[in-house]
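Enquirer: For what it's worth, our numbering labels the leading residue of the sequence shown as 1, then goes sequentially. Every residue gets a Cβ at the ideal spot worked out from N, C-alpha and C, and that includes glycine. None of these values were measured; they are calculated from a predicted model.
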Amino acid sequence: MTKAIYPGSFDPVTNGHLEIIKRAADMFDKLVVLVSVNPNKTSSFSAEERMNFLRKVCYDIPNVEIDSFDGLIVDYFRKNDCTVIVKGLRAMSDFEYEFQMAHVNKHLCPKAETVFLCADSQSTYLSSSMVKQIAAFGGDISAFVPAAIVDDIFERLDTTKQKG
Ligand code: ADP
């Protein structure tokens with residue numbers, strides 16, 4: 001059985017993340033979307049909120065599971081008998097960091113292969129931080145995040161609601 005993990009901040013999940021999740025779920029028997037909990041990194045949404053957003057938008061993908069982890073990805077990988085790490089690549093700017101991470105992970109755990117999926121052309125410029133900046137000014141984020149979480153994001157960020 002192939003069991004992939006897709007780790008990230010998902011602060012919050014965007015249409016770009018969701019597109020990668022759907023494609024990876026088609027490629028592997030099981031896909032765990034892993035919310036990283038890093039106490040040294042400031043996130044706008046708590047780990048529980050980020051997981052709830054993911055649960056809401058992935059409810060209809062049967063082989064997707066949502067989990068969180070506050071340690072090294074390779075430790076989770078080993079403990080949970082995973083076979084592949086999935087990462088999304090938007091532009092060359094993602095590449096250097098992701099390339100480095102893939103090599104470090106492989107060094108720490110030789111079984112940990114990273115598979116990169118290219119973002120589709122519509123998601124290439126999309127990031128969680130861009131979504132938060134638009135939302136903070138009450139802008140329309142409906143083209144960038146799944147419809148099921150648009151209201152939640154505005155309520156949580158306590159800004160003027162504006163939907164597409
Ligand atoms: P961000 O850089 O937006 O904070 P995350 O840490 O949540 O992203 O990203 C988790 C993974 O998803 C990374 O591999 C990242 O490159 C990828 N990713 C992020 N945004 C997109 C997108 N719009 N399209 C495809 N992949 C993405």
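Please classify Gly71: is it buried, with 16 or more other beta-carbons within 10 angstroms of its beta-carbon, or exposed?
Expert: Locating residue 71 in the sequence shown gives position 71, counting from the first residue. Exposed is the call here.
Enquirer: How many Å lie between Gly27 and Thr83 at the Cα?
Expert: Start at 1 with the first residue of the sequence shown, and residue 27 comes out as number 27. Start at 1 with the first residue of the sequence shown, and residue 83 comes out as number 83. Note that residue 27 is Met in the sequence shown here, rather than Gly. So the two alpha carbons sit approximately 12 Å from each other.
Enquirer: Please report the distance separating the alpha-carbon of Thr124 from that of Glu65.
Expert: Locating residue 124 in the sequence shown gives position 124, where the first residue counts as 1. Locating residue 65 in the sequence shown gives position 65, where the first residue counts as 1. About 25 Å.
Enquirer: Does the Cβ of Asp67 lie closer than 8 Å to at least one heavy atom of ligand 1?
Expert: Counted from its first residue, the sequence shown places residue 67 at position 67. It does not: the Cβ of Asp67 is nowhere closer than 8 Å to a heavy atom of ligand 1.
Enquirer: From Phe116, Ser46, Ile85 and Lys3, pick the residue whose C-alpha is nearest to that of Asp94; which is it?
Expert: The sequence position of residue 94 within the sequence shown is 94, counting from 1. Considering only alpha carbons, the answer is Phe116.
Enquirer: Excluding sequence positions up to five away, which residues of its chain have a Cβ less than 8 Å from the Cβ of Pro146?
Expert: Here residue 146 refers to the residue found at position 146 of the sequence shown. Cβ within range, chain order: Val13, Asn15, Leu18, Lys56 and Val57.
Enquirer: Thinking Asp158 and Phe53 are a contact (beta carbons under 8 Å), I'd like their distance in whole angstroms, please.
Expert: One-based indexing of the sequence shown puts residue 158 at position 158. One-based indexing of the sequence shown puts residue 53 at position 53. Not really, about 16 Å apart at Cβ, beyond 8 Å.
Enquirer: List in chain order: all unbroken beta strand (DSSP E) runs of 3+ residues lying wholly within the stretch 76-124.
Expert: 84-89 and 113-118
Enquirer: Over what stretch of residues does the beta strand (DSSP E) that includes Lys3 continue unbroken?
Expert: For the purposes of this step, residue 3 is identified with residue 3 of the sequence shown, where counting begins at 1. Start and end: Lys3 to Gly8.
Enquirer: Where do the ends of the beta strand (DSSP E) carrying Asp67 lie?
Expert: Taking the sequence shown and counting its residues from 1, one reaches residue 67 at position 67. Unbroken beta strand (DSSP E) run through Asp67: Val64 to Phe69.
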